[in-house]
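Under our numbering, the residues of the sequence shown are numbered 314 to 571, in order. For each residue, glycine too, the CB sits at the ideal point set by N, CA and C.
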Amino acid sequence: MKLLEYIARGAAGEAEIMVNPTQEVRRVAAGGVLSLVVVHTAAEPSTLEIELGEGAVLHLVEAFSGGAMGSCRVRQGASSRCEITSVVTGSAEADYAVDMDGSGAENNLRGAFIAGGAERVRFGLRVSHNVGLCTSNSLVKGVAGGSASCEFNGLVYVAQDAQNTDARQTSRNIVLGDEARIVTKPQLEIYADDVKCSHGATVGQLDDDAILYMRQRGLSEAQARRLQIEGFVRDIVSQAGSMGEALAEVLTEKLEEL
314 MKLLEYIARG
324 AAGEAEIMVN
334 PTQEVRRVAA
344 GGVLSLVVVH
354 TAAEPSTLEI
364 ELGEGAVLHL
374 VEAFSGGAMG
384 SCRVRQGASS
394 RCEITSVVTG
404 SAEADYAVDM
414 DGSGAENNLR
424 GAFIAGGAER
434 VRFGLRVSHN
444 VGLCTSNSLV
454 KGVAGGSASC
464 EFNGLVYVAQ
474 DAQNTDARQT
484 SRNIVLGDEA
494 RIVTKPQLEI
504 YADDVKCSHG
514 ATVGQLDDDA
524 ILYMRQRGLS
534 EAQARRLQIE
544 GFVRDIVSQA
554 GSMGEALAEV
564 LTEKLEEL
């Protein structure tokens, strides 16, 4: 695993950092800010664990490729905010687990997975609202071409005492041929009664009318298809700002293979 670090510490406290080759651990004290860019390329398991103190902020960008297998667990304290952007390609696997343990916590995850040929990609996500007054919003987009097989498993868990939870989970996907396959399973497990929770999933194909429109304006079919795919996933990484530059490069390289 290659690790690039961008760290800014808030005035309320400093982050304690512990690193070893197979497991990365970060503890962000109250009011601290941590930004990480992590690129996974090795075909071996890796683990990232992050604990956010009260009012702490995390900006996390991750890229998985080359058969990488990675898991990330985030524990959020009160009024903390977590922003995750993740891209998975090349028969890789990514698993995320978020525990919202303090009221007023906010979590936003944007993910994309792209597979071609005979690749296999898996993206897992569990967001646990263990206390009330927390907000989560997850959007994961997938693209599969060739005979690729992709799977998204998502779960939003709301504990009995987690009243006034606001949670959304969305899965949007495009298959590029008859042999490509995407299985998407967003789920809700709710034990509280005063909540706003939603989930949804779509699996479709490219817009033929849009492709025809672009071809009438001089683009080849391949160019039109690529532009449409790129537009579909680009917004996932664009929201990460300058930290998403590494992900943009990964997307560009992968789109050239489809």
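If the five residues before and after A418 are omitted, its C-beta is found closer than 6 Å to the C-beta atoms of Q389, S393, C447, all from its own chain and listed in chain order.
Under the DSSP assignment, D408 falls in the beta strand (DSSP E) whose first and last residues are 406-413. For Y470, same chain residues with a beta-carbon under 6 Å away, outside a window of 5 residues either side, are S441, E502 in chain order. In this structure, A410 sits away from V444, with a CB-CB distance that is not shorter than 7 Å. Separation of the CB atoms of V508 and T402 is rounded to 34 Å, and the pair is thereby denied contact status at 8 Å.
Between R433 and the set L371, E558, S378, A355, the nearest pair of CA atoms involves S378. For the 7 Å CB-CB criterion, V341 and G368 do not form a contact. Listed as beta-bridge partners of Q389 by DSSP are L365, M413. Secondary structure remark: continuous alpha helix (DSSP H) runs of at least 4 residues inside the stretch 503-560, in chain order: 521-528, 534-551. Here the stretch 520-533 does not lie against the stretch 488-506, with fewer than 3 beta-carbon pairs under 8 Å apart.
Taking a 10 Å sphere around the C-beta of A391, we find 16 or more other C-beta atoms and assign the residue as buried. When beta bridges are read from the DSSP output, T360 appears opposite Q336, S384. Ranked by Cα distance from Q482, the options L489, G455, S511, A505 are led by S511.
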